[in-house]
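J.: One structure follows; several queries about it will come next.
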Amino acid sequence: MIAGEVERSSTTSGLPVAPGLESSLAAINFPREESSFNSQTLVLSLKCMAIALVAVLIAQVLQHLIAFVTNLSFYGTFSFEDGSPAGNQLGLGVLLIPVIGGLVVGVMARFGSSAIRGHGIPEAMEQVLSNESKINPWLTFLKPISAAIAIGTGGPFGAEGPIIATGGALGSVLGQFTTATANERKILLTAGAAAGMTAIFGTPIAAILLSIELLLFEFRARSIIPVALAVVTAAGFRILFVGTSPVWPMPAMTEPGPEALSLYLVIGAAVGLCSVFVSKAVYLVEDLFEKLPIHWMWWPAIGAVAVGICGYFVPRTLGVGYNNITDILSMHLAIGGIVVLCSVKFLSWAISLGSGTSGGTMAPLFTIGSGLGVLFGALVLIIAPQSGVDLRVAALIGMAAMFAGATRALLTSVVMAFETTLQPVGLLPLIGACSAAYAVSSLLMKNTLMTEKIVRRGIRVPSDYQADFMDLVLVRDLNLLVPVTLNAEQTVDEVRGWIASREAGSEHQGFPVLERGKIIGVITRRDIFSAGTAGAAHIKDLISHPPVCVYEDSSLREAADHMVNHDVGRLPVLAKTHGYPLVGFITRSDLLAAHKRRLAEHYEERRTLRFKPSWSS
Numbered sequence: 032m033i034a035g036e037v038e039r040s041s042t043t044s045g046l047p048v049a050p051g052l053e054s055s056l057a058a059i060n061f062p063r064e065e066s067s068f069n070s071q072t073l074v075l076s077l078k079c080m081a082i083a084l085v086a087v088l089i090a091q092v093l094q095h096l097i098a099f100v101t102n103l104s105f106y107g108t109f110s111f112e113d114g115s116p117a118g119n120q121l122g123l124g125v126l127l128i129p130v131i132g133g134l135v136v137g138v139m140a141r142f143g144s145s146a147i148r149g150h151g152i153p154e155a156m157e158q159v160l161s162n163e164s165k166i167n168p169w170l171t172f173l174k175p176i177s178a179a180i181a182i183g184t185g186g187p188f189g190a191e192g193p194i195i196a197t198g199g200a201l202g203s204v205l206g207q208f209t210t211a212t213a214n215e216r217k218i219l220l221t222a223g224a225a226a227g228m229t230a231i232f233g234t235p236i237a238a239i240l241l242s243i244e245l246l247l248f249e250f251r252a253r254s255i256i257p258v259a260l261a262v263v264t265a266a267g268f269r270i271l272f273v274g275t276s277p278v279w280p281m282p283a284m285t286e287p288g289p290e291a292l293s294l295y296l297v298i299g300a301a302v303g304l305c306s307v308f309v310s311k312a313v314y315l316v317e318d319l320f321e322k323l324p325i326h327w328m329w330w331p332a333i334g335a336v337a338v339g340i341c342g343y344f345v346p347r348t349l350g351v352g353y354n355n356i357t358d359i360l361s362m363h364l365a366i367g368g369i370v371v372l373c374s375v376k377f378l379s380w381a382i383s384l385g386s387g388t389s390g391g392t393m394a395p396l397f398t399i400g401s402g403l404g405v406l407f408g409a410l411v412l413i414i415a416p417q418s419g420v421d422l423r424v425a426a427l428i429g430m431a432a433m434f435a436g437a438t439r440a441l442l443t444s445v446v447m448a449f450e451t452t453l454q455p456v457g458l459l460p461l462i463g464a465c466s467a468a469y470a471v472s473s474l475l476m477k478n479t480l481m482t483e484k485i486v487r488r489g490i491r492v493p494s495d496y497q498a499d500f501m502d503l504v505l506v507r508d509l510n511l512l513v514p515v516t517l518n519a520e521q522t523v524d525e526v527r528g529w530i531a532s533r534e535a536g537s538e539h540q541g542f543p544v545l546e547r548g549k550i551i552g553v554i555t556r557r558d559i560f561s562a563g564t565a566g567a568a569h570i571k572d573l574i575s576h577p578p579v580c581v582y583e584d585s586s587l588r589e590a591a592d593h594m595v596n597h598d599v600g601r602l603p604v605l606a607k608t609h610g611y612p613l614v615g616f617i618t619r620s621d622l623l624a625a626h627k628r629r630l631a632e633h634y635e636e637r638r639t640l641r642f643k644p645s646w647s648s
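Here's what the structure looks like:
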């Protein structure tokens, strides 16, 4: 150790410094180095785990409440046991039950909170993107109750959308009533939503992926870890209530060969094409309801008329219909029956959801998609009977491809189909089919079922995630301005005379001030020529605050954030070498120039790829 060396300072990244230099460096404002996981993240993780526990309980209450409303509405019995409205004996009376439910939901939305209307996930996305993840606390109670009424009276929805919205609201409310930043509220909201999804489907990995693809809009340890711990908590407590069996058990499937795999890709693309139609149809119905000359409070009841009619002719379309998905995946229904069920289910769901009632989208999309998968699989077998296509695999990939095309949550779709069936044979076909559906949807539809409504309200929804360019470039990689410095002991008159002489460097707008070779501040031309500045004063007397600097190994992102945080347009750059010398200046213009070079390289690369094959010399 060098004689006279002091303990390492946090501002110098552990490099040895002399006592005088350490004190001068301590006075400089450097960008704050934040750890990706710290004690605050640990506390946040504990909060997320607590939210997950409550979300599981709410999910159980919601499912039993749906069962209670179903039994009361269609059978006139007081029971919390699961029951399907498909077995009712009401005859034409079934037409009235969904309308009554729609009226109740409309009144709740009108006089309670209009936020109960809609799918669940898009509303959560909107709060994350535009409202600092703040959700009305009343939604925690009104959403599950309204959903139970809508679904229990025959609404063709799943329980997952409402519980995702409720879990998200629970996390948001906790973030609002405790000390939390907007980003922490986003994590709490996402953790609640992911826990709710896990509580319904038992799909922890898919819930994490859904969080990344549709809610967090980032992939960082400080956000993923709390959400992952919440999901694990939800999955663990769910086992206490329902066990570990898959939501939709399937018999063993045929291992796909090369020909079957290629045909599954075609089926996935076909379902992806249908997902575009389904998504556009839902918003077409919404647009038609918007043109009605009556208050939106009455729309759910009007939409429920279609639910009642569809339920009268095809009773299986009423209610949650998770059993329909199981029967389709296991091929317990005839192909003709599957086609009729899915067609009428789509009609009922699109009209009801478009009316603005409270319901989800996952279960209906899975039902419609699995039916389409069977239909396309049957057509393939007619054309190529020896292809090895398994209708059960076709149903599975159709289910996932529909969700992938409608939401563009590619990874979520693949993993969720696997976790809900536990069929490893289907993984490879799922990846191919969902990718094909995603590609077709991206080519034919600008927005998705989840984002169209948000985009219409003027909110930009991120669709591509990549590393921040400014985080990858270091300050030293720029062509830094050569620092033109002033001596702390110079008088104001001397500096004014130097600037008036128009010597090289005097045209700059800001100047670092050095004292014994160390920077002590930065002054501007305005400071120097201010009317109240005495000419005999020393330059160091004009310094009003410590210097705001960056190290040469700081990233451009850190430099840009530092400029914004301190409202400055230029930053002195120090080297982490002996004495920490001043090596340059970085300005806002340097940041823009770096972006310009990046764009130029991008367009040059595209031009080269277009006109010059990669194998040419």
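Per the working numbering, residue 32 is the first one in the sequence shown, and the count goes up by one each step.
Ideal Cβ placement from N, Cα and C applies to all residues, glycine included.
Decide if Lys217 is buried, meaning its Cβ has at least 16 other Cβ atoms within 10 Å, or exposed.
T.: buried
J.: Is it the case that the Cβ atoms of Ala230 and Ala90 are separated by a distance below 8 Å?
T.: yes
J.: So, for Gly223: in the same chain, excluding its five sequence neighbours on each side, which residues have a beta-carbon less than 6 Å away from its beta-carbon?
T.: Taken in chain order, the residues that qualify are Ile82, Ala86, Gly198, Gly199, Leu201 and Gly202.
J.: Assuming Leu475 is part of the alpha helix (DSSP H), what are its boundary residues?
T.: Leu458 to Leu475
J.: Specify the secondary structure class of Phe650 as computed by DSSP and reduced to three states.
T.: Since the first residue shown for the chain is 32 and the last is 648, residue 650 is missing from the structure and cannot be characterised.
J.: Taking C-alpha atoms, which residue in Glu154, Val204 and Ile617 lies nearest to Gly387?
T.: Glu154
J.: State the beta-bridge partners of His569 as determined by DSSP.
T.: Thr522
J.: Since I believe Leu605 is in contact with Tyr582 (beta carbons under 8 Å), could you give me their beta-carbon distance rounded to a whole number of angstroms?
T.: 6 Å
J.: Can you grab the Cα-Cα spacing for the pair Ser379 / Ile428, in whole Å?
T.: 23 Å
J.: Count the CB pairs spanning the stretch 452-462 and the stretch 254-263 that are closer than 8 Å, and state whether there are at least three.
T.: no
J.: Quick one: what does DSSP say Ile325 is sitting in, helix, strand or coil?
T.: coil
J.: Which first and last residues belong to the beta strand (DSSP E) in which Pro603 is found?
T.: Its beta strand (DSSP E) spans residues Arg601 to Leu605.
J.: Does DSSP put Arg629 in a helix, in a strand, or in coil?
T.: helix
J.: If I follow the unbroken beta strand (DSSP E) through Ile550, where does it start and stop?
T.: Lys549 to Thr555
J.: What's the C-alpha gap between Ser647 and Glu483?
T.: Residue placement at Ser647 cannot be trusted, given a pLDDT of 43 that sits under 50; the coordinates are not used to answer.
J.: What does Thr388 pair with, by DSSP beta-bridge criteria?
T.: DSSP output for Thr388 lists no bridge partner at all.
J.: Exposed or buried, Ala590, counting other C-beta atoms within 10 Å across all chains shown (16 or more means buried)?
T.: So Ala590 counts as buried.
J.: Rank Pro577, Pro455 and Leu406 by C-alpha distance to the C-alpha of Val297 and give the top, closest one.
T.: Taking only the C-alpha atoms, the option nearest Val297 is Leu406.
J.: Do you know how far the Cα of Ala565 is from the Cα of Glu525?
T.: 12 Å
J.: List the DSSP bridge partners of Phe616.
T.: Leu512 and Pro603
J.: I want to see whether chain B comes within less than 8 Å of Ser473, judged by CB atoms only; does it?
T.: Considering every chain present, this structure includes no chain B. It has just one protein chain.
J.: Ignoring anything shorter than 4 residues, give me the alpha helix (DSSP H) runs that lie fully in the stretch 179-233, in order along the chain.
T.: 191-208 and 213-232
J.: May I have the straight-line CA-CA distance separating Phe105 from Gln120, to the nearest angstrom?
T.: 8 Å
J.: Can you give the Cα-Cα distance for Val385 and Leu511, rounded to whole angstroms?
T.: It should be noted that the sequence gives Gly, not Val, for residue 385. If you take the alpha carbons of Gly385 and Leu511, they lie about 57 Å apart.
J.: I need the DSSP call for Ser586, collapsed to helix, strand or coil.
T.: strand
J.: When DSSP labels each residue in this structure, what does Glu546 get in the three-state scheme?
T.: Note: Glu546 maps to strand in three-state DSSP.
J.: In whole angstroms, what separates the C-alpha of Cys580 from that of Pro62?
T.: Cα to Cα, the separation comes out at about 8 Å.
J.: Determine the DSSP secondary structure at Gly541, reduced to helix, strand or coil.
T.: strand
J.: Excluding the five sequence neighbours on either side, which residues of its own chain have a C-beta within less than 6 Å of the C-beta of Gly541, listed in chain order?
T.: Val553, Thr555 and Arg601
J.: Hey, would you say Gly400 sits closer than 8 Å to Val302, going by beta carbons?
T.: Against a cut-off of 8 Å, the Cβ pair of Val302 and Gly400 comes out as a contact.
J.: Which of helix, strand or coil does DSSP assign to Leu364?
T.: coil
J.: Would you call the stretch 271-280 and the stretch 433-442 touching, i.e. three or more CB-CB distances under 8 Å?
T.: no
J.: Just verifying my parser: in three-state terms, what is the DSSP assignment at Leu505?
T.: strand
J.: Looking at Leu545 and Asp558, is the spacing between their C-beta atoms short of 8 Å?
T.: no
J.: Compute the distance between the beta-carbons of Met481 and Met156, then report whether it is under 8 Å.
T.: yes
J.: Using C-beta distances below 8 Å, list every residue in its chain close to Ala98, excluding the 5 sequence neighbours before and after it, in chain order.
T.: Ser110, Phe111, Glu112, Asp113, Gly114 and Gly183
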